[in-house]
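First comes the structure, then the notes that go with it.
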Amino acid sequence: MSAQNEIDTLATAFNKTVAHLVNKIKFFINADNVKSNFKLKNIVGFTDTREHLRPFHILKYIADNYLDDYDYFVLAPDTTYIDARVLRDKLSHISISFDIYLGTKMRTEDVESDADANYCDLDAGIVLSSSVIRKIRSNLDWCVRNAATQLHSLNIGRCVKYSTKIDQCQPAWQGIAITSYRLTASSHKIYRDFHFLRDDAKFNEATAIFPITISDDFYRLHIYFSRLHLEAAVGNLVMLERNSTEISNGSISNDILEIRWPLGVPPSSIPATRHDLLTWTMLNETHSFLLDSETNVAPLPGIDAADFAKILNHTLERAAATYTGLEFLSVHTAYRRFDPVRGMDYKLLLKFLNTSTRRVTVKAFEAMKPLGMVEIIPSPYVTESTRIAILLPTFEHQVEESLNFIERYEKICMENLDNTFLMLVFLYGAETPSKGDGDVFGRLKSHAINLSEKFKADGSRIAWVSIRLPTECTKPFNVDDLALSSMYGNDEILSLAVTDLALRKIGLDSLVMVASNSMAFKPDFLNRKPMSAKKATKNIIRPRYFSSELGIREKVFIGVMSAQNEIDTLATAFNKTVAHLVNKIKFFINADNVKSNFKLKNIVGFTDTREHLRPFHILKYIADNYLDDYDYFVLAPDTTYIDARVLRDKLSHISISFDIYLGTKMRTEDVESDADANYCDLDAGIVLSSSVIRKIRSNLDWCVRNAATQLHSLNIGRCVKYSTKIDQCQPAWQGIAITSYRLTASSHKIYRDFHFLRDDAKFNEATAIFPITISDDFYRLHIYFSRLHLEAAVGNLVMLERNSTEISNGSISNDILEIRWPLGVPPSSIPATRHDLLTWTMLNETHSFLLDSETNVAPLPGIDAADFAKILNHTLERAAATYTGLEFLSVHTAYRRFDPVRGMDYKLLLKFLNTSTRRVTVKAFEAMKPLGMVEIIPSPYVTESTRIAILLPTFEHQVEESLNFIERYEKICMENLDNTFLMLVFLYGADTPSKGDGDVFGRLKSHAINLSEKFKADGSRIAWVSIRLPTECTKPFNVDDLALSSMYGNDEILSLAVTDLALRKIGLDSLVMVASNSMAFKPDFLNRVRMNTIQGFQVYSAIGFMLYPCRWTGLCKECSNCDVSQSLGYFDRQNFDVVSFYSRDYVEARKKLESSVPIVRSDRDISQLLERTDKSVNSIVGMFIKSDTPIHLLRAVEPNLKFGGALVNHLDRQTTGVPKCIYRDNPEKHGKCIRMGSKKQLGEWIVRRG
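For the sequence shown, the positions run 52 to 1301 when my numbering is used.
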């Protein structure tokens, strides 16, 4: 939270010290008069300047824009320094499964009552989880109404309390505290008192420090805390260096290291089954061997042979540089394997002659060629409803096979109404009779006629076509042809003749399958056919997360058995040392009388207090709630210290495909028989895989009935044995052991005996240590093992530093590095679908090319031309500094692309003349203009309940269209009680009677009266207003006007006259939508009108979908209820008939243009409007643009708004001829004409005509 006068001081300092360390940062100010030239760009301004409501504007903005993108949201003023590294690290260790309201409580002296001091102090920063923001969003109205104080902290706290039932600030959660340090009057001058502050432990541990009153103090604090973090990192580096030394001298085996080769290339994917194994192929320079199950030896194709030769040459160059005194002889053995994740892997065994010993030696090499080509996969959408035309060729000797085929076809397709059509193709010999009793195909023809008659009602039929083969193709049946797999025998070329002749009977748009009469198939086979692109028949519901769909789970869940009296001691210590290192932790207690004010929140209580059954209550709870979320479940008492880092690392190396029952076996002295000692000891921790938990859940009743002892370890072990047939504890699995260390009576005092314990190798290697009887011992052990891990991490950091040095000095090629350019600008977002691809536009200094599907060439607007010129000048400056002796000639090619994440990207290919060689050369450059303008969000309040007044203008020739509109309006709005009001605007000619039987609008008036009476009880009604047009606007109906997309034809200016006169009947505070009587809409469109039309801020002009007259042209299939698609119509950007606004905004805009575009106050004023001085204003949208008011104009495509009904109805009636667009030869206004079809459809029509 900042202010305009602090943006360039405190807010900028806050941004410079925090922004690069967090995922997102925004500064919120009151924007009653915002300047737009701030250097700081990530600003959001609110026009509502009531200060006590600003937190709720912020919360609403966060909820609307970022709720699903972040786990935690931190609110703070710009007078608070935040150590972002510490904040980020602490929040990463807190589970997101809970409602979090974290911070520092307010001081009692700052509030009126002690109860108010329980809320978090905003000055110290407040942390809210996404779940809290979500609940606040649902209760934001209550919060706004009850914001009764000017203290933001109290308003936020009361809102959180009402929304989440969290009644006080949480100073810590799961052992993680977001601490703060308040500067007192004596320490307010940081530059003066810093030597005192840095000796204060609370100051050094603080996450937030406040209040900061001058910007320089932000930088002083940031330098100090950065130095602390740097010192810690250097310590880690020293440790990593020590470890790397141990690795290099052999103290640590390289076998335990996982090194990816080559650098930058991912490892091979793990096969899901044995069928997915990637196989190696043996090869030499000329041939490959056992390529598949059918091929023993095959020559290498040219490209593969060249690839192998290139790999071999590179390998020999590396061998010559590595080994001296070796002479290459030949390839001993070579293998290769294509991995779709990595590329082409090679393994080469090469023979060399040792020139000194004259002995032959074999050396092994591995090489690989990584993937690098861009793969563009067009993925058309297909459906299973396409009709298939099946062609069945039949020779004279195949009549029986075709009869059998037809029987199968009847059962599979005709009886099940499958969308297919069978055409028999009879192949007659040169002299074979084709009619009468001698027709060899007579039985087939009779059977086809019978089946067609039988299934006539279902639309299924069987047709045939006859083909007479020439003499050279007519030969006696040869039984040896049956040994060939093709039904054509040796004459497979006849399949082309069959298809060529049969297609003449089918058509060019059919899906055709040429079949074989010996084939048998199932219905699923037909659904695997190639399909033509069509619209989706239904939506597919996909899981929200990839992990849900792929079954990816978290690794470790720990269940801790505790007691009520240990929650604040042992259990809390267990939680603080383990919770931040595992995915989930829960504490299980008996809850016969549980108090609810534990500081530890992740507790589960069981009302069944029978102690021997508690493990099974835990297992049931886990199975019911977390079975599908985690791979491994660890059970342990709260007297066991677990080194969670080691546990997590070991479990990540064990395959989840097996039943795991892992731990330390019980001692024989603790049980009655040796057999019982085979079970895992619960005190040392037991690891169970999710598959074991699943099997236990199915047998939980048996386990409960047979829990005959008070020893939990035995009860769990017997249950596991019965459920999974694992008869004993597994001390290790796949070489991974979960070891433990039992403290003896002599070593029970860790603080006293620790110097003995740390010299014990088994103690240092243990994953679990038990029993721990006092909570301080948890912290001692955690500090000790954390130090060991830190030393290991420092060693790794030293190695990383060494590797980074090798990269920087060129030892490792930059080709394997992924470098973002420009620095600080995020990479482009990955498109979700092929429809979201960001396209590049080709341009030069003056024009852009193929800007969209409708435009081939368009001049660059002034601002774009200036922008390109600026980019070109900067590029030429860089070229001059980089290349010498080059003289710029011209732009060869240029492209640009707007990326909403990055900004404007440019790719330039420029022609230069080399002044020394006098040759022309082309250089390629990339440039970009990052996003950077201030984001001002006025945040007006809109709802979907606003009443819409719909104005429907109607000319005398449009009565039928308006009647159709009213029928649609009745069904959509009046019957569903939609909050709308319809006003008809009748446009009479100068001499047209307006009363009696001669009233052309009489039917409309009667219908309006009837509907108003019918829905009177619901408050719905239809009114009208009449307008008399002047003589110059009264003209006979011209059918060519129907070819124009606007309902006004050439007289679009009349939309202003209609609105001027109709608004006098409506009022100044109404939401008005001017409609078109040819439009069809759905209820969602009206809701978008309500949401996008904002009083005093925005008007909305929807871009409707213009339908092609498919039924008349025959170029497409008419479907008025289908989703929008390219084959059905187009979005008409030139149609401005439908526009919505608030009356007051319209009146204010009209008054500003009254001198050039007169206001129509009566019918007589329409003539003045036609004679206006400003002819550039022709519509309501143009009037708002020209009026220069602060009202925004929003234009957006609207799939639920469709046009084209008037033209379709006229073409169906065909009373006055086919309309011809008057602008068909005018390139500038041709867009106002209604199109008859898409370019593809019209092109195909021309081709067919030709």
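Beta carbons are placed, not taken as given, at the ideal position from N, Cα and C, and that holds for glycine. Bear in mind the structure is a predicted one, so any value in this text is a computation, not a measurement.
Check                                                                                                                                                                      : Outcome
Could you tell me the distance, in whole angstroms, from the CA atom of SER706 to the CA atom of SER740?                                                                   : 10 Å
Taking one C-beta from the segment 1212-1226 and one from the segment 1100-1116 each time, how about it: are there three or more such pairs within less than 8 Å?          : yes
Please state whether DSSP places ARG1246 in a helix, a strand or coil.                                                                                                     : strand
Would you call PHE963 buried or exposed, if buried means 16 or more other Cβ atoms sit within 10 Å of its Cβ?                                                              : buried
Ends of the beta strand (DSSP E) at GLU938?                                                                                                                                : 937-950
Considering Cα atoms alone, identify which of ILE1023, ASP727 and SER764 is closest to ASP734.                                                                             : SER764
For PRO1081 and MET1287, I'd like the C-alpha separation in whole angstroms.                                                                                               : 34 Å
Please state the DSSP three-state secondary structure of GLN615.                                                                                                           : helix
Which two residues bound the contiguous alpha helix (DSSP H) that contains TYR773?                                                                                         : 763-775
Relative to the C-alpha of ASN568, which residue among THR997, ASN455, ASP134 and THR790 is closest?                                                                       : ASN455
Should ARG387 and THR332 be called a contact, given that it needs their Cβ atoms to be closer than 8 Å?                                                                    : yes
Assess, as a yes-or-no matter, whether the segment 1184-1194 is touched by the segment 1069-1079 under the definition of 3 or more beta carbon pairs within less than 8 Å. : no
Taking the straight line between their C-alpha atoms, what separation do you get for LYS1065 and PRO106?                                                                   : 49 Å
Which complete alpha helix (DSSP H) runs does the segment 425-487 hold, if anything under 4 residues is left out?                                                          : 450-460
Out of GLU896, PRO882 and ASP689, which one is the CA nearest neighbour of PRO822?                                                                                         : ASP689
Spatial neighbours of ILE618 within its chain, please: C-beta separation below 6 Å, excluding the five flanking residues on both sides.                                    : PHE649 and LEU651
Taking Cβ positions, are GLY480 and GLU447 nearer each other than 8 Å?                                                                                                     : yes
Just tell me which of PHE477, SER266, THR715 and LEU1002 has its CA closest to the CA of GLU452.                                                                           : PHE477
Do you know whose CA, among GLU938, GLN781, PRO882 and GLY1233, lies nearest THR972's CA?                                                                                  : GLU938
Does ARG519 come out as helix, strand or coil in the three-state DSSP assignment?                                                                                          : strand
Since ILE229 and LEU138 should fall inside the 8 Å C-beta cutoff, what is the C-beta to C-beta distance between them, to a whole number of angstroms?                      : 7 Å
Below 8 Å on the Cβ atoms is my guess for GLN1292 versus LEU1166; work out the distance and round it to an integer in Å.                                                   : 4 Å
Quick test of the definition: if touching needs 3 or more C-beta pairs under 8 Å, does the segment 995-1014 touch the segment 1025-1044?                                   : yes
Taking its Cβ as the centre, do 16 or more other Cβ atoms sit within 10 Å of PHE572, making it buried, or is it exposed?                                                   : exposed
Which whole runs of the beta strand (DSSP E) in the segment 639-713 are 3 residues long or more, in chain order?                                                           : 654-657 and 681-688
Tell me which residue opens and which closes the beta strand (DSSP E) that LYS420 is part of.                                                                              : 411-421
Per the contact definition of three or more C-beta pairs closer than 8 Å, is the segment 626-633 in contact with the segment 690-703?                                      : yes
Can you check whether the CB of HIS1243 is closer than 8 Å to the CB of GLN1149?                                                                                           : yes
Counting Cβ pairs closer than 8 Å, one from the segment 203-220 and one from the segment 164-171, do we hit at least three?                                                : yes
What residue range does the beta strand (DSSP E) around GLN1149 cover?                                                                                                     : 1149-1158
Alpha carbon to alpha carbon, what distance is there between LEU191 and ARG1184?                                                                                           : 38 Å
Quick one: using the 10 Å Cβ neighbour count with 16 as the cut-off for buried, is GLY353 buried or exposed?                                                               : exposed
The alpha helix (DSSP H) spanning VAL1036 covers which residue range?                                                                                                      : Premise fails: VAL1036 lies in the beta strand (DSSP E), 1031-1039, not in any alpha helix (DSSP H).
Skipping 5 residues on each side, what residues in its chain have a beta carbon closer than 7 Å to that of ASN197?                                                         : ARG209
Going by the beta-carbon positions, is the gap between VAL655 and PHE667 smaller than 8 Å?                                                                                 : no
Helix or strand or just coil, what does DSSP make of SER1134?                                                                                                              : The amino acid at residue 1134 is misidentified as Ser; the sequence shows Pro. Three-state result, PRO1134: helix.
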